[in-house]
Ligand SMILES: Cc1ncc(C[n+]2csc(CCOP(=O)(O)OP(=O)(O)O)c2C)c(N)n1
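Chains as they are written, first to last, in this note's numbering: chain E, 3 to 353; chain B, 592 to 1015.
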C-alpha cells in the first residue's frame, strides 16, 4: 500500500485539482462514503447556483443520508422531494438540464431505475446527437445506490451498469471509496454529458478514508491502478474492488503478484490502462457482481483479446454473478467473492 | 369575460342523474387526514361516478359558418392584420403538407406527417404565447414552428436530411427543432417531452424568468406513463408549464373509446390539482384566447394549466398509414366539409371584407410555388459529410468513437464505389 498522503496526492493531482496543492501536505478529512458524497454535492451546489438536487425522500437527508442538511443549506427550491415516479424524475431532470441548468437526480435504488430507462436511453443519451448539437442535457447526473448489501434480494442488490454501457451518449461511473466518490461525483456533475453514477451502497458506511477537503475532481474515463503487479491483471469497479484487493492479498501469500485496476468509468472505459497492464502480465481476470452473460466483463474481455492476443498467456476469466436473479438466502454463494477470484488466478497462472 | 362564463357554468353544473341517496346525505364531521385536505364525513354511502358529471364544455368564439357566436366577440389582441397573417400561415402549412405528402408518395423523402384539420389549434396557440416560451412538441406541430419563423427552406432541409439540416440529417423527417426559435427538437418516443417540459419550466421559475414551457401532445400520447409523471410533477413543484393536448379523435387507428373512458384529457386535470380549459380546436380565435388566458394564469398563479383542444385528424396518421382502413371516408368528408378551421376563418374574413376569393386563389398558388422551390433546392443538396455521423454523441469525441470513425473511413477508401450517398 502507498503511504496515505502519497496516495491521496496522486489522486488529487490526477484529478485536475481545482486547487493548487503544491508541496504542502494535502488537507484531508476522515469521512465515510455517504459523507463524502454529501460533501461533493455541497461543493457542487455552492459553486453552481443553477444546481438542484431532487428525488424520492432527498429533502430530509435521503434514505442513505447522502443529502443530509443540504435542504437546510440551499433551500427548499433547490433540494426537494419528487413524487414517487422514476420516469418523472428522469424526464424532469432532462428538461431542467436542457435549459442549461445543473440537475442532480437521485434514483433511490439502482433496481428502480428501469421505469426511467426510456428517458435515460432514448432521451438523455440521444439529446445532443439527435438535435445536431442544438440542444443538450449534459448538465445532468443520475445518482443511484447499487449492488449487494447482504440481504437486499432481487430489488435492493442489482448492478445494472451493463444496460447503460450499451447506450452511446451516456457516461457510467462507479466509485470504490470515499475519496474517489467525492472526486468522481464532482467530475460527473460538471461533465458536459449525462452521467449515470452508481454508488456501492454496501460501502456507504463501511468504507471510511481520508478525503481531500474542498473542491477537487477525479477525471472520468480513466482507470486507476490501485496496486501494481506483474503476474495477473485484476479488473473491477465499485464494491468489487474490496474483493479484488483481498484476492490480491491471497495471491501474494501464494507468491503471485497481481496488478489491481479500478475501472472507475464503465463508459467510455479506459482501454489503454487495461491494455498496457495485460501486455505486461499476460493474464486478465475481470470481476463484477452483475450476472455474467451480457455483463460488462464480456466487453472488456473481447476488446483485450482483440488488442493483446499475442501477449495473452491464458484465456481471460470472467468471475461474475451467476445468470440468476439476485437471491436472498443464497447471497453468499451467489457473489463472486475472493475465493472464487483466487481460484481463477490459480487457473490462469497454471494454464 | 366569455371565459369566466365557462367556468361559472361548470361550477353550477346541472347533474343529469342526480342520485337521491347522495342528495340526502349529511355532513356529520370532518377528518384531518394527512393524506387529504379536510375531508367531510357523510352519513350515506356515496359512490362518486364520473358518468354523473357534466361533460366539460369547449369554449368557442367562431361558429361553423364563420360567425361570432352569441355573446362572443373577437378576442382582445386580434385585429385584421394579425387575423390575415394567421390565415396566410394556415394556408402555407396546408400547401407545405400537400407538396411534401406527394413528395413522399413519389419516394423523394422517406416519411411525412400532415397536420390537416389541426391548423387552428397550432396557429391559435402559437400566437397566444411569447417567442421566448419554450416549445416541447410531439411531431404534428410544424405550424407552431412556422409561426415562429422557421422557413420553408429549413423545413425542406430537414425533410431531405441534407447538409443544411439543423439536425445534421440524423432523425426522420418532421423531427424538427430550432434552438434559435426556442423549439426543442422533436423525438419519436411519445410523451417523453411532457416531464421534460415541466423540468424546463421549473428552471425558468428558479431563474425568475418571464417564460413558460408549452408542451403539445396527442390524446393517445396522454395514455403514456410520462403524462401522469409530468402533470403530477408540474403540480407539486408549481411549474409554469402549459400542457396542450390535441384531441383529434385517433391515435393512428385507435379511436378514443379504446384510449380512455373518462371525459377526454381535460377531466384528468382536476385529479392533479391542475386547472383545465377545453376549447373548440377548429376555432382559431377561441384557441388563441384560451392560450393567452392560460399563459396569464400560469404566470399570475404560478402553477400549470392543461388545455384540451377538440379537433379532427383530417389526414392519414402518416405516409405509412391508410386511414380509410379503420374509419369511413364519409366521416372524414363530414369533418372537412362542415368543420374545417381554415374554412371557418375564411368565411369570417370574407364577411368582414378582410379577404377575397381572388386573394385566396393567388395565395394558394404562391405558397405552393414557394414550397416547390424550397423542395427543389433542398433536394439538390447533398447529405452531411459522412464523418459528422460520429460527432455530438458526446460533447467531446471519445477515443473509441474516433477509432470507429477511422475504421469506417479506411473501409470507404477501400470500397469507394460501394456506398452511395444519395437516396434514403
Ligand atoms: C412510446 C411510443 N409508442 C408508440 C409509438 C408509435 N406511435 C407513433 S404516433 C402514435 C399515435 C399517437 O397518437 P396521438 O398521441 O393521439 O397523436 P396524433 O398522431 O393523433 O397527432 C403511435 C402509437 C411511439 N412513437 N412511441
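For each residue, glycine too, the CB sits at the ideal point set by N, CA and C.
Nothing here was measured: the structure is a model prediction, and the numbers come from that model.
Item, Value
"Looking at C-beta atoms only, is the number of pairs between the stretch 110-125 of chain E and the stretch 843-852 of chain B that lie closer than 8 Å three or more?", "no"
"Are any of the Cβ atoms in chain E nearer than 7 Å to that of residue 986 of chain B?", "yes"
"Are the C-beta atoms of residue 759 of chain B and some chain E residue less than 7 Å apart?", "yes"
"Considering only residues of the stretch 765-839 of chain B, which uninterrupted beta strand (DSSP E) runs meet the minimum length of 3 residues and lie entirely inside it, listed in chain order?", "804-809 and 832-838"
"Determine the burial state of residue 998 of chain B: buried for a count of at least 16 other Cβ atoms within 10 Å of its Cβ, exposed for fewer.", "exposed"
"Can you tell me whether residue 1006 of chain B is buried or exposed, with buried defined as 16 or more other CB within 10 angstroms of its CB?", "exposed"
"On the three-state DSSP scale, how would you describe residue 1006 of chain B?", "coil"
"With respect to the alpha helix (DSSP H) encompassing residue 391 of chain E, which residues constitute its N-terminal and C-terminal limits?", "The first residue shown for chain E is 3 and the last is 353, placing residue 391 of chain E beyond what the model contains."
"CB-CB under 6 Å to residue 338 of chain E, same chain, minus the five flanking residues each way: which ones, in chain order?", "289, 321 and 322"
"So, is the C-beta of residue 996 of chain B closer than 7 Å to a C-beta in chain E?", "no"
"Pick from E/33, E/272 and E/249: whose alpha carbon is nearest that of residue 992 of chain B?", "E/272"
"Kindly indicate the opening and closing residues of the beta strand (DSSP E) around residue 115 of chain E.", "First-last for residue 115 of chain E: undefined, no H or E at that position."
"What residues of chain E sit near residue 768 of chain B, judged by a beta carbon separation below 9 Å?", "132, 133, 134, 136 and 137"
"Take residue 104 of chain E and list the residues in its own chain whose beta-carbon comes closer than 6 Å to its own, dropping the five residues that flank it on each side.", "50, 52, 53 and 141"
"Comparing the CB of residue 839 of chain B with every heavy atom of ligand 1, is any distance shorter than 6 Å?", "yes"
"DSSP state of residue 169 of chain E, grouped into three classes?", "coil"
"In whole angstroms, what is the alpha-carbon distance linking residue 918 of chain B and residue 824 of chain B?", "37 Å"
"Give the secondary structure of residue 143 of chain E by DSSP, where H, G and I count as helix, E and B as strand, and everything else as coil.", "strand"
"By the three-class DSSP mapping on this structure, what secondary structure does residue 192 of chain E have?", "helix"
"Please list, in chain order, the chain B residues whose beta carbon lies closer than 7 Å to that of residue 299 of chain E.", "Going along chain B, no residue has its Cβ under 7 Å from residue 299 of chain E, so there is no contact; the nearest lies around 17 Å."
"Based on Cα-Cα distance, which residue from E/62, E/44, E/340 and E/242 lies nearest to residue 209 of chain E?", "E/242"
"Quick check on residue 87 of chain E - is its C-beta less than 7 Å from some C-beta in chain B?", "yes"
"Please look up how many angstroms separate the CB atoms of residue 276 of chain E and residue 302 of chain E, rounded, as I've assumed it's under 8 Å.", "7 Å"
"So, residue 200 of chain E versus residue 331 of chain E, is the Cβ gap smaller than 7 Å?", "no"
"At which residues does the alpha helix (DSSP H) containing residue 921 of chain B begin and terminate?", "920-929"
"What's the gap between the Cα of residue 615 of chain B and the Cα of residue 638 of chain B?", "13 Å"
"What residues in the stretch 96-122 of chain E bring their beta carbon closer than 9 Å to a beta carbon of chain B?", "96, 97, 98, 99, 100, 101, 102, 103, 105, 117, 120 and 121"
"Report all residues from its chain with a CB closer than 7 Å to the CB of residue 66 of chain E; omit the five preceding and five following residues, and keep chain order.", "36, 147, 203 and 206"
"Does the stretch 725-737 of chain B come within contact of the stretch 883-898 of chain B, defined as at least 3 CB pairs closer than 8 Å?", "no"
"Anything in chain B within Cβ reach of residue 279 of chain E, meaning under 7 Å, just list it in chain order.", "The premise fails here: residue 279 of chain E is roughly 17 Å from chain B at the closest Cβ pair, so nothing lies under 7 Å."
"For the alpha helix (DSSP H) containing residue 958 of chain B, name the first residue and the last one.", "948-971"
"Does any C-beta atom of chain E lie closer than 7 Å to the C-beta of residue 780 of chain B?", "yes"
"How many angstroms separate the CA atom of residue 1 of chain E from the CA atom of residue 287 of chain E?", "As displayed, chain E neither begins before 3 nor continues past 353, which places residue 1 of chain E out of reach and without an answer."
"Using a beta-carbon distance cut-off of less than 9 Å, what residues from the stretch 177-205 of chain E approach chain B?", "193, 194 and 195"
"Counting only C-beta atoms, is residue 797 of chain B closer than 7 Å to chain E at any point?", "yes"
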